[in-house]
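These protein sequence lines map, in sequence, to chains B and G. Going letter by letter, the first sequence gives residues 1 to 463 in the numbering used here. Going letter by letter, the second sequence gives residues 1001 to 1287 in the numbering used here. Each remark here refers to the structure printed beneath this line.
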Amino acid sequence: MNAWTLILLLLAVMAAAYNLGRKRAISGAGGIAQIKTLHSLPVYYGLYAALWAGIPALLLLGLWSGFQDQIITALVSSSLPPDIVNGLSEGRIGLLINDIKNLATGNIVSSTVTPEIQAAADQFARLEWIASGAKWLVVLAVAIAGLALALSQTAPKMRARNRVETIVKGIMILFSSIAILTTLGILLSVVFESLRFFHSIPPLDFFLGINWSPQIALRADQVGASGEFGAIPLFTGTLMVSVIAMLVAVPIGLMAAIYLSEYASRKVRAFAKPVIEVLAGIPTVVYGFFAALTVAPFVRELGESVGLHVASESALAAGLVMGVMIIPFVSSLSDDVINAVPQSMRDGSFALGATQSETIRRVIVPAALPGIVGGILLAVSRAIGETMIVVMAAGMSANLTANPLDSVTTVTVQIVTLLTGDQEFDSAKTLAAFALGLTLFMVTLVLNVIALTIVRKYREQYD
Amino acid sequence: MSTVVEVMEKTTGAMSSAELAGEQHSRATVGDFTVADARMACREVEVWYGPKKAINGVSLDIGKNEVLSMIGPSGCGKSTFLRCLNRMNDTIDGCRVTGSILLDGQDIYDKSLDPVPLRARVGMVFQKPNPFPKSIYENVAYGPKIHGLTNNRAELDALVESSLRKAGLWDEVKDRLDQAGTGLSGGQQQRLCIARTIAVSPEVILMDEPCSALDPIATAIVEELIDELRSQYSIAIVTHSMQQAARVSQRTAYFHLGDLIEIGETNDIFTSPKHRLTEDYITGRFG
């Protein structure tokens, strides 16, 4: 008697509806020989009937399953005798209701079973049974009503194809809006939590403060009770690591793309391009310990050999490794756009006596520039949002420094530290993560908007 | 290959079996392929794409101040031959050229010769207008800039203007030189490409079906332009339109399956072709 059986049954009804609708259309037309008099192919009449039988019933089933439990709970709790409910807090009542449900379904109960609770549990079970039965009946009735409606409309003149297409289009719109609504939902939840954060910490202190020590005192006399939420050190840290990463990734990626698309022979290209793209497939956590265990000590030793003090977790090490990680983004996207520049551009330039390098510098790269900029900005978004490498290699201390050999921390690292472990979700410390997340989101959004604007402004037409 | 077979079948009636086998051996050219004052002189040129031979021992002169048109059915090698004249075939993998092509007495396939400056001397206009995605001014100034032909901005301005004037485009674009060349109409784009080619003062201009993407009015304008340009340049033009060949050229060469079949004064070719294949082609029996 579970929901899956009902869904299978509904599918069977839909299959039957398909056959009925199809047959009815054919017989309405006067047999298979007269099929040309139908507005649409018989398949569409079948689909129309099947959709009518299935969709309303499925929607009803979904709604019913969603609300049944709440309604029954409300009914049971309102019929509880007032003398047990009186004087109980809301949480206590919730526990009581839980006990009633557990009793009704035969699970373990936390308190002693009084006759009142037993009665309520019986009532709960009875309501549940009635509701399930009613659900079956009503859902099947709706399915059959839908089927009947569709069949009654089926006539040779009915524009079944157009109607089916409209319904299918509606379903597609629904699905595509799920993606949009999810994004919106995430954004709103982050915004609301951030607003709660900004209630306790003024936005100016957050965006312009230069000290980051996110803690909230439990007692007034606690050591280190003064929490400070100035995010500037995080922003500069993120910026520094990203800039170092881009300084590595952009020249290497761009040069690699130009070599592969303009100079490399077919064989070299067939080998090198997939190998470079493997870089993108390495899990970031692997890059992370590569950065922390190999690159960072190397950078430190190198620095110390020339007399520089290098922190063991330096921005430089994290940025270098992140740059390597991003190379394939830049090179792969640039390679694609460079290849998309038509051969006729190259021919035109060669025919004027330009060398290959002049052609690349003056024609190909300018023509491909929008795509290249788009790829670079995408890589920047990726660098700003990258977490694992900086968690392992950049460190936790929020230094406000311009020295890449120092340890810095980034927005993503702080979000991770704020939200790992046991947290109370109403303290400013935890909510700060949402404010940081919102900032990160806004920066990425702005970057994407800029990228799109540049691409649009400089988009060149070749025909 | 199917088109070649079709053409072969259509022409079998006119040819002996020896002629049919002539794909292997070069067929003798009817008419005198030399001119008194040759700018370019090609002798026994053969072009191979990998193992496949595309041009069969073609010998042909391009005179000074003349328009030479090359006609023939699709796949006859006329574009391939044209692209040998400024070594554009070098950019195609597996393409091999033998024989000799002289420009002012100098072999352009000589090992010591760099194809890059050669292409400034032998310019090319393509089938589809291909202006760079830059402004009109920058399109024309591109060649002079990379070759360092001018000393300052004023000279460059003057060169751009004179090139656009020669291409008959100046009056139409003088007020919008900073707009994108790609925003012009098809005919204007093609004239822009011609202006771009003229700007590096070539000796020879090669045109590969320059009007095939243009409407009749734009075609007429470009044809007039070609005729005017003859006073300063040697022009070799590949065309599918026999009327165009008749209108713009002084001499016409008829290509067939990689062979140069017949060459002569344009008038003679179109009024009294000597070779049976030429006659069949210009009377529209195939092609």
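For every residue, glycine included, the Cβ atom is placed at its ideal position computed from N, Cα and C.
Problem - Whole-angstrom distance between residue 1134 of chain G and residue 1021 of chain G, CA atom to CA atom - result: Low per-residue confidence applies at residue 1021 of chain G: pLDDT is 42, beneath 50, and the placement is therefore not dependable enough to give any value.
Problem - C-beta neighbour in chain G for residue 235 of chain B, strict 8 angstroms - result: no
Practice task
Would you identify the three-state DSSP class for residue 1089 of chain G, choosing helix, strand or coil?
Solution key: helix
Problem - Min CB distance residue 1269 of chain G to chain B below 8 angstroms - result: no
Exercise for the section: Could you pull out every residue in the same chain whose Cβ sits closer than 7 angstroms to the Cβ of residue 1227 of chain G, ignoring the five residues on either side in sequence? Expected result: 1248
Exercise for the section: Please list, in chain order, all residues of the same chain as residue 440 of chain B whose beta carbon is under 6 angstroms from its beta carbon, the five residues on each side excluded. Expected result: 411
Practice task
Give every residue of the same chain whose Cβ lies closer than 6 angstroms to the Cβ of residue 452 of chain B, excluding the five residues on either side of it in the sequence, and list them in chain order.
Solution key: none
Exercise for the section: From the DSSP output, in three-state form, read off residue 207 of chain B for me. Expected result: helix
Practice task
Check the Cβ of residue 1117 of chain G against every Cβ in chain B and list those closer than 7 angstroms, keeping chain order.
Solution key: 353
Problem - Residue range of the unbroken beta strand (DSSP E) whose run includes residue 1123 of chain G - result: 1122-1125
Problem - Straight-line Cα distance separating residue 1224 of chain G from residue 1254 of chain G - result: 23 angstroms
Exercise for the section: List the DSSP bridge partners of residue 1265 of chain G. Expected result: G:1251
Exercise for the section: Tell me whether the beta-carbon of residue 355 of chain B lies closer than 8 angstroms to the beta-carbon of residue 1200 of chain G. Expected result: no
Exercise for the section: Give the interface partners of residue 1128 of chain G over in chain B, defined as CB-CB distance under 8 angstroms, in chain order. Expected result: 344
Exercise for the section: Quickly, what does DSSP pair residue 1070 of chain G with across the bridge? List them, please. Expected result: G:1238, G:1253
Practice task
Would you mind reading off the limits of the alpha helix (DSSP H) that contains residue 48 of chain B?
Solution key: 42-78
Exercise for the section: Check the Cβ-Cβ distances between residue 340 of chain B and every residue of chain G, and say whether any is below 8 angstroms. Expected result: no
Exercise for the section: Compute the Euclidean distance between the alpha carbons of residue 443 of chain B and residue 288 of chain B, then round it to the nearest angstrom. Expected result: 24 angstroms
Handout entry: C-beta neighbour in chain B for residue 949 of chain G, strict 8 angstroms
Key = Because chain G here runs from 1001 to 1287, residue 949 of chain G falls outside it and cannot be looked at.
Handout entry: Beta-ladder partner(s) of residue 327 of chain B, from DSSP
Key = DSSP output for residue 327 of chain B lists no bridge partner at all.
Practice task
Express the C-alpha separation of residue 1110 of chain G and residue 1268 of chain G in angstroms, rounding to a whole number.
Solution key: 35 angstroms
Problem - Sheet register partners of residue 1063 of chain G (DSSP bridge) - result: G:1038
Handout entry: Candidates B:178, B:402, B:159: closest to residue 243 of chain B by CA position
Key = B:402
Problem - Which of helix, strand or coil DSSP assigns to residue 1112 of chain G - result: coil
Practice task
Report the residues of the region 354-369 of chain B with a CB closer than 8 angstroms to any CB of chain G, ordered along the chain.
Solution key: 354, 355, 358, 362, 363, 366, 367
Handout entry: residue 1124 of chain G at chain B interface by Cβ criterion, 8 angstroms
Key = yes
Handout entry: Range of the contiguous alpha helix (DSSP H) that encloses residue 24 of chain B
Key = 3-29
Practice task
Leaving aside the five residues before and after residue 406 of chain B along the sequence, list all residues of the same chain whose C-beta is less than 6 angstroms from its C-beta, in chain order.
Solution key: 311, 399
Problem - Rounded Cβ spacing between residue 257 of chain B and residue 338 of chain B (contact assumed at less than 8 angstroms) - result: 6 angstroms
Handout entry: CA-to-CA distance, residue 49 of chain B to residue 77 of chain B, given in whole angstroms
Key = 42 angstroms
Practice task
Kindly say whether residue 1233 of chain G, judged by its beta-carbon, lies nearer than 8 angstroms to any beta-carbon of chain B.
Solution key: no
Exercise for the section: Tell me where the beta strand (DSSP E) around residue 1076 of chain G begins and ends. Expected result: Unbroken run through residue 1076 of chain G: none, as it is neither H nor E.
Handout entry: When B:198, B:164, B:446 are compared against residue 230 of chain B, the one with the closest alpha-carbon
Key = B:198
Practice task
May I ask you to verify whether the region 1198-1212 of chain G touches the region 1114-1131 of chain G, counting CB pairs closer than 8 angstroms and requiring at least 3?
Solution key: yes
Exercise for the section: On a CA-only basis, which of G:1207, G:1048, G:1234 is nearest residue 1128 of chain G? Give me that one, please. Expected result: G:1207
Practice task
Determine the DSSP secondary structure at residue 443 of chain B, reduced to helix, strand or coil.
Solution key: helix
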